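FYI, the numbering for the sequence shown is 522 to 753, going by our numbering.
To start, the structure itself, in structure tokens.
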Amino acid sequence: MKGKNFSFNISELDLSVPRIGQMLNFGEGECEGVFSEMIFSALEEAEKLPPARAEYTIFEAVKFSDAEKTIEINDIIFEVNRIVSSQLRGSDSIAVFLCTAGPGISEKSRQAMEAGDLLTGYIYDAVGNEIVDAAFNLLYKDLQKHTEVSGKKLTNRYNPGYCDWKVDEQEKLFRLMPDNYCGIRLNSSALMDPEKSVSGFIGIGRNVRFNSFTCGLCDRTDCIYRNIKDKE
């Protein structure tokens with residue numbers, strides 16, 4: 522197994538005020554003036570918080586069952602179902618990853634909302650989403666450099682809770698990451714704490730591919746990322 526840990530400050534994440542405006546459903550040209558200033562202020566506050574953390578471990582011994590739509594890693598069987606199974610099939614190995622923005626940004630959001638400042642609370646919530654996504658993107662780029670040396674490619678990331686992969690499978694996933702550099706905990710519903718965290722699989726191999734936009738594979742219509750893509 523090979524793996525790597527990361528720590529990213531806000532300045533390394535290249536966060537965008539317009540992108541966060543999109544996350545808040547501002548249309549083109551609407552995220553200006555006071556709204557832009559509020560987002561920028563939230564980003565400045567986020568710089569004072571502990572850095573985002575990320576990690577991955579590459580597992581070479583991977584078994585696929587096309588009939589059962591499962592993936593076996595280290596004697597743990599994941600019931601990933603049809604979509605994830607089809608997208609990861611052909612992988613020579615799988616990178617299991619964890620990534621978190623940390624608890625601070627969610628606490629900022631909660632405090633603002635409890636004080637009745639709902640807009641600021643929503644902005645902090647959107648900033649938290651962008652932090653964890655930007656940290657994951659840097660992890661992905663590092664993994665890409667590692668695999669390209671051997672002529673291999675990467676799939677998209679696939680997360681428990683999406684594409685019919687049940688969220689309680691995260692309990693199995695975390696068994697593969699016992700050191701848990703990110704410090705993420707699971708509650709009784711298998712949801713992650715800190716809230717602004719992601720986990721999942723990335724397929725690695727010569728016969729896999731990255732899909733630039735995978736919403737067509739998924740049945741969810743309430744996803745913020747689908748909504749953003751629909752506006753583009």
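Backbone N, C-alpha and C fix where the C-beta goes; we use that ideal spot for every residue, glycine too.
On a predicted model such as this, the values are computed, not experimentally measured, just so you know.
- Around Met634, the same chain offers Gly642 as residues with beta carbons nearer than 7 Å, after the five sequence neighbours per side are excluded.
- Taking the CA atoms as reference points, Ile579 sits about 23 Å from Ile652.
- Lys584: member of the beta strand (DSSP E) spanning 583–586, first to last residue.
- Secondary structure note for Glu651: its alpha helix (DSSP H) is the uninterrupted segment 639–669.
- By the Cβ test, the region 718–733 is in contact with the region 665–681, since at least three Cβ pairs between them sit closer than 8 Å.
- For Lys525, the enclosing beta strand (DSSP E) has its first and last residue at 523–529.
- When DSSP states are grouped into helix, strand and coil, Lys674 belongs to the strand group.
- Beta-carbon to beta-carbon, Ile597 and Lys693 are separated by about 5 Å, close enough to satisfy the 8 Å threshold.
- Taking the Cα of Gln665 as reference, the smallest distance to any Cα among Arg727, Glu593, Glu600, Val538 is reached at Arg727.
- Take the alpha-carbon of Val670 and the one of Lys584: they are about 24 Å apart.
- Considered as a whole, the region 547–635 harbours 573–580, 583–586, 591–594, 597–599, 614–621 as its complete beta strand (DSSP E) runs of no fewer than 3 residues, in chain order.
- With a 10 Å radius around the Cβ and a threshold of 16 neighbouring Cβ atoms, Gln543 comes out buried.
- Inter-residue distance for Met713 and Asp654 is about 15 Å (C-alpha atoms, whole angstroms).
- Between Glu576 and Asn526, the C-beta gap is smaller than 8 Å, which places the two residues in contact.
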